[in-house]
Each structure stands twice: as structure tokens, then as C-alpha cells.
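Each position in the sequence shown, counted from 1, maps to that position plus 7 in our numbering.
By construction, the Cβ of each residue, glycine as well, lies at the ideal position given by its N, Cα and C atoms.
No experiment lies behind these values; they were computed from the predicted model shown.
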Amino acid sequence: MEIEELTIEWYDNGELVVEELDKFILSKGGAWTTVVYLYREKGRDGEFGDKKVRLVKYQKRNGKYNVHSKFNITNEKQVKNLVAKLNEWFK
């Protein structure tokens with residue numbers, strides 16, 4: 008499997024419940040890769056909810072990417088607060 012093939016899309020009984028909207032490779036080096044995903048999850052009402060962000064750190068072992076850790080940013084306010092703080096720190 009190649010890095011570009013990694014996805015967080017998930018199906019339950021053939022129904023898409025986690026929709027990947029976009030992704031980018033934040034870093035890759037040696038056996039470690041970090042990918043940032045933009046995604047939505049289907050709610051109990053059957054509708055997809057608001058956009059969320061997930062950072063996933065993978066370790067490649069024996070040709071397979073294994074999730075080592077992940078972190079979710081679950082709403083727009085958190086995204087904006089994080090971006091503002093990062094911009095402040097790296098002026």
C-alpha cells in the first residue's frame with residue numbers, strides 16, 4: 008500500500024458512515040507518516056454532520072501502515088482557535 012491510498016472512509020454494512028473530503032500528507036520520514044484528513048460522519052438521523060479534522064500518525068511495518076496515534080478536531084471553533092494560536096506562535 009502507498010501513502011496516497013490511506014483513507015479514513017468507513018462503511019458499515021455497505022453504507023458510507025465516515026466520508027473523507029480531503030487529505031494531505033503533513034510529514035513522512037522513514038517508517039513514520041502523518042496525514043491530516045478532512046471528513047464528515049453520518050449521524051443517527053442519516054445525514055452527514057459538520058466537517059471535522061483528524062491527524063493520524065502511521066508507522067509502516069512489513070509493508071503495511073498501522074495507526075500509531077490519532078487526534079480529532081471536532082468543530083469549526085476548535086479549528087479556528089488552533090489556527091489563530093499557531094499563527095500567533097509562528098509570527
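Ranking Asn73, Phe31, Gly50 and Arg61 by CA distance to the CA of glutamine 85 puts Arg61 first.
Exposed is the label assigned to threonine 14, since fewer than 16 other Cβ atoms lie within 10 Å of its Cβ. Of the residues assessed, tyrosine 44 falls on the buried side of the cut-off, its CB having 16 or more other CB atoms within 10 angstroms. Annotated as distal: arginine 51 and lysine 59, with beta-carbon spacing of 8 Å or more. About 6 Å separates the beta carbon of phenylalanine 55 from that of glutamate 26, a gap short enough to meet the 8 Å contact definition.
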